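Using the working numbering, the letters of the sequence shown map in sequence onto residues 1 to 322. Ideal Cβ positions, reconstructed from N, Cα and C, are used throughout, including at glycine. Here the structure is a predicted model, which means the values were calculated and not measured. Read the structure below first, then the notes.
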Amino acid sequence: MSPKHPTHLRAHTYHGLAPGPRLLVTGAVHGNETCGTRAITQLLEEIDGGALAIERGTVTFVPVTNPLAYSLKQRMGERNLNRNMAPSAIPQDFEDRIANVLCPLLDAHDVLLDLHSFHTGGAPFVMIGPQNNHGALEPFSHAAEEMQLALHTGPHRIVEGWLETYARGVKRRTATAEAGGGRAQSLVTDPNYGVGTTEYMRSRGGYGVTLECGQHEDPQAVLVARYAILQTLGLLGLIAQPAAPVPMEREILRLVDVMDREHAGDSFTREWRSFDAVKAGEAIGMRHGGEAVTAPADGFVVFPNPRGEVGQEWFYFAQRRQ
Ligand SMILES: [Zn+2]
Numbered sequence: 001m002s003p004k005h006p007t008h009l010r011a012h013t014y015h016g017l018a019p020g021p022r023l024l025v026t027g028a029v030h031g032n033e034t035c036g037t038r039a040i041t042q043l044l045e046e047i048d049g050g051a052l053a054i055e056r057g058t059v060t061f062v063p064v065t066n067p068l069a070y071s072l073k074q075r076m077g078e079r080n081l082n083r084n085m086a087p088s089a090i091p092q093d094f095e096d097r098i099a100n101v102l103c104p105l106l107d108a109h110d111v112l113l114d115l116h117s118f119h120t121g122g123a124p125f126v127m128i129g130p131q132n133n134h135g136a137l138e139p140f141s142h143a144a145e146e147m148q149l150a151l152h153t154g155p156h157r158i159v160e161g162w163l164e165t166y167a168r169g170v171k172r173r174t175a176t177a178e179a180g181g182g183r184a185q186s187l188v189t190d191p192n193y194g195v196g197t198t199e200y201m202r203s204r205g206g207y208g209v210t211l212e213c214g215q216h217e218d219p220q221a222v223l224v225a226r227y228a229i230l231q232t233l234g235l236l237g238l239i240a241q242p243a244a245p246v247p248m249e250r251e252i253l254r255l256v257d258v259m260d261r262e263h264a265g266d267s268f269t270r271e272w273r274s275f276d277a278v279k280a281g282e283a284i285g286m287r288h289g290g291e292a293v294t295a296p297a298d299g300f301v302v303f304p305n306p307r308g309e310v311g312q313e314w315f316y317f318a319q320r321r322q
């Protein structure tokens with residue numbers, strides 16, 4: 001192990017003196033997404049200085065959830081921490097060792113607010129899990145509470161259906177993948193690889209949202225993160241100040257499909273940004289061989305990655321929830 005590898009995970013827990021729910025707030029799960037880290041750091045000072053009072057329940061803040069990636073100022077350390085989230089008896093990499101500490105911490109809380117930022121410009125959005133269901137992939141019974149949390153965090157746009165869409169993509173990928181390929185290949189063809197912080201939280205009986213606060217460098221993203229934390233503390237009753245009412249205008253988008261980049265020569269027809277609208281039949285990209293990849297219906301391009309690795313996600317396609 002490199003001597004530069006961090007050897008601990010820092011967490012700050014406040015127990016209100018009255019009973020209440022247990023909230024976990026995480027920043028920098030991706031090391032270059034620091035708006036949550038900065039908002040958490042400010043709030044820790046305010047709580048410690050007496051400007052903000054935790055009165056009920058428990059809140060734990062983890063300002064830097066992937067300290068290796070954070071020290072490297074990049075998304076990942078040895079791999080993406082927000083995938084394949086589970087304890088492992090025989091950890092293979094730094095992120096496995098973080099997961100072995102983070103998963104018990106998630107288990108010890110009821111609600112998760114996970115603060116991220118994104119590469120290209122655009123408005124903040126919040127990601128929720130599935131509707132209530134008893135299915136095998138992601139059974140869930142807290143959809144109403146999770147939606148209330150999502151609405152109170154602030155963004156106008158809510159995105160749902162990630163794990164289901166990811167799993168469908170993995171199934172297709174597995175069907176076309178060649179045998180072999182080692183650990184990297186086995187990870188991207190494992191449906192469990194789609195499990196990040198919120199999915200793990202739901203699998204353990206809790207609920208949570210991923211808040212994408214804005215562009216990585218946008219100072220406004222710190223304010224978005226701060227507002228969301230205070231709103232969550234208010235909504236759950238951990239502070240005396242109640243949450244502000246939710247905006248009337250909102251847009252709920254459902255991820256319905258994911259396309260893999262199949263060849264290094266696959267290219268987009270233009271520089272897509274997340275949530276750019278497309279019409280049914282409109283060409284989104286061109287395969288290496290010249291075949292157009294078109295929108296299956298009226299909808300939106302989401303998480304386009306022009307430099308996506310071959311055999312991994314190129315873009316997602318979403319539609320407005322009916
Ligand atoms: Zn992120």
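Determine whether the beta carbon atoms of residue i and residue j lie at a separation below 8 Å.
{"i": "residue 98", "j": "residue 252", "result": "no"}
{"i": "residue 235", "j": "residue 112", "result": "no"}
{"i": "residue 6", "j": "residue 68", "result": "yes"}
{"i": "residue 134", "j": "residue 246", "result": "no"}
{"i": "residue 66", "j": "residue 28", "result": "yes"}
{"i": "residue 197", "j": "residue 26", "result": "yes"}
Where does residue i land, buried or exposed, given buried means 16+ other C-beta within 10 angstroms?
{"i": "residue 54", "result": "buried"}
{"i": "residue 31", "result": "buried"}
{"i": "residue 141", "result": "exposed"}
{"i": "residue 323", "result": "Absent from the structure is residue 323, since the part of the chain shown begins at 1 and ends at 322."}
{"i": "residue 199", "result": "buried"}
{"i": "residue 238", "result": "buried"}
{"i": "residue 132", "result": "exposed"}
{"i": "residue 289", "result": "exposed"}
{"i": "residue 314", "result": "buried"}
{"i": "residue 76", "result": "buried"}
Where residue i and residue j are concerned, what is the direct C-alpha to C-alpha distance, given to the nearest angstrom?
{"i": "residue 371", "j": "residue 321", "result": "Summary: the structure shown does not reach residue 371, with the chain confined to residues 1 through 322, and so no result is reported for it."}
{"i": "residue 117", "j": "residue 211", "result": "8 Å"}
{"i": "residue 256", "j": "residue 318", "result": "5 Å"}
{"i": "residue 258", "j": "residue 50", "result": "47 Å"}
{"i": "residue 243", "j": "residue 119", "result": "29 Å"}
{"i": "residue 278", "j": "residue 296", "result": "10 Å"}
{"i": "residue 174", "j": "residue 61", "result": "38 Å"}
{"i": "residue 262", "j": "residue 123", "result": "29 Å"}
{"i": "residue 270", "j": "residue 264", "result": "16 Å"}
{"i": "residue 306", "j": "residue 274", "result": "12 Å"}
{"i": "residue 58", "j": "residue 84", "result": "27 Å"}
Tell me, to the nearest whole angstrom, how far the beta carbon of residue i is from that of residue j; I am working on the premise that it is less than 8 Å.
{"i": "residue 22", "j": "residue 110", "result": "5 Å"}
{"i": "residue 229", "j": "residue 39", "result": "6 Å"}
{"i": "residue 170", "j": "residue 139", "result": "Not confirmed; about 18 Å, so no contact."}
{"i": "residue 300", "j": "residue 276", "result": "7 Å"}
{"i": "residue 227", "j": "residue 145", "result": "Not confirmed; about 19 Å, so no contact."}
{"i": "residue 266", "j": "residue 287", "result": "5 Å"}
Quick check: is the beta carbon of residue i nearer than 8 Å to any beta carbon in chain D?
{"i": "residue 224", "result": "No chain D is part of this structure, which consists of one protein chain only."}
task: Give, in chain order, every unbroken run of the beta strand (DSSP E) that is at least 3 residues long and sits entirely within the stretch 88–161.
output: 111–118, 125–127 and 157–160
query: Curious, which full-length alpha helix (DSSP H) runs of at least 4 residues does the stretch 47–87 contain?
result: 67–71
message: Which runs of the beta strand (DSSP E) at least 3 residues long sit entirely within the stretch 274–305? Give them in chain order.
response: 276–278, 283–286, 292–294 and 299–302
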